[in-house]
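Novice: The structure under discussion is supplied below as structure tokens; questions concerning it will follow.
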Amino acid sequence: MNPAFQVMLLRIFAILGVTLLFFSARANTSNQAQQQQQFDRAIELMEAFQNDSAYHLLSQLHQELEASQALHTSFGLQVRLRQAEALERDHQDETAIERLLPVAEEARTQAEWEVLANAHLSLARLYEKLG
741 MNPAFQVMLL RIFAILGVTL LFFSARANTS NQAQQQQQFD RAIELMEAFQ
791 NDSAYHLLSQ LHQELEASQA LHTSFGLQVR LRQAEALERD HQDETAIERL
841 LPVAEEARTQ AEWEVLANAH LSLARLYEKL G
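Now the structure itself:
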């Protein structure tokens, strides 16, 4: 094969590779922004005492993060924490505790101190309520 032809093919593949990386990164950023908006909306719903609706949105996010293997990221921990808090506000205490315990442990091992503190505050409220 002609060396000039080989160089031309390499350049074409390099350009295609860079283009694909660019569009992939752009799509990922768009998806993250959409997920953040969905998360923010769920928080607004919780503040308006619409816990079922908030839980539904957070469950959708949970599934998306699980599918993309991002459930154990900082954002994934926040989603799981807020899911448990929605359950707590909806008086599903035992289920909330079951969700909060692994979140607290994972937050501790990942040094996500804000999530850890909020998880322990929720657990304290729940344990106090249960007696």
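Under this note's numbering, the first residue of the sequence shown carries the number 741, and numbering increases by one thereafter. Just so it is clear, CB atoms sit at the ideal spot from N, CA and C, and this is done for glycine as well. None of the values given here were measured: they were computed from a predicted structure.
Can you find a C-beta in chain D that's less than 9 Å from the C-beta of His831?
Specialist: Absence of chain D from the displayed structure is noted, only one protein chain being present.
Novice: So, are the CB atoms of Leu801 and Ala782 less than 9 Å apart?
Specialist: Result yes, Cβ atoms of Leu801 and Ala782 sit closer than 9 Å.
Novice: Counting only the same chain and skipping the five closest in sequence on each side, list residues whose C-beta sits under 8 Å from that of Gln775.
Specialist: Excluding positions up to five away in sequence, the list reads Leu801, Glu804, Leu805 and Phe815.
Novice: Under 8 Å Cβ to Cβ from Gln823, same chain only, skipping five residues before and after it: list those, please.
Specialist: So the list reads Tyr795, Leu798, Ser799, His802 and Arg839, once near-sequence residues are dropped.
Novice: In three-state DSSP terms, what is Gln846?
Specialist: Reading off the sequence shown, one finds Glu at residue 846, where the question assumed Gln. Residue state, collapsed to three classes: helix.
Novice: Roughly how many angstroms separate the alpha carbons of Glu834 and Ser793, rounded to a whole number?
Specialist: In a straight line, the C-alpha of Glu834 is about 20 Å away from that of Ser793.
Novice: Using three-state DSSP, classify Gln809 as helix, strand or coil.
Specialist: Three-state result, Gln809: coil.
Novice: Short check: CB of Leu821 to CB of Ala847, under 9 Å?
Specialist: The answer is yes: Cβ separation under 9 Å.
Novice: Where Gln809 and Ala836 are concerned, what is the direct C-alpha to C-alpha distance, given to the nearest angstrom?
Specialist: Approximately 23 Å between the Cα atoms of the pair.
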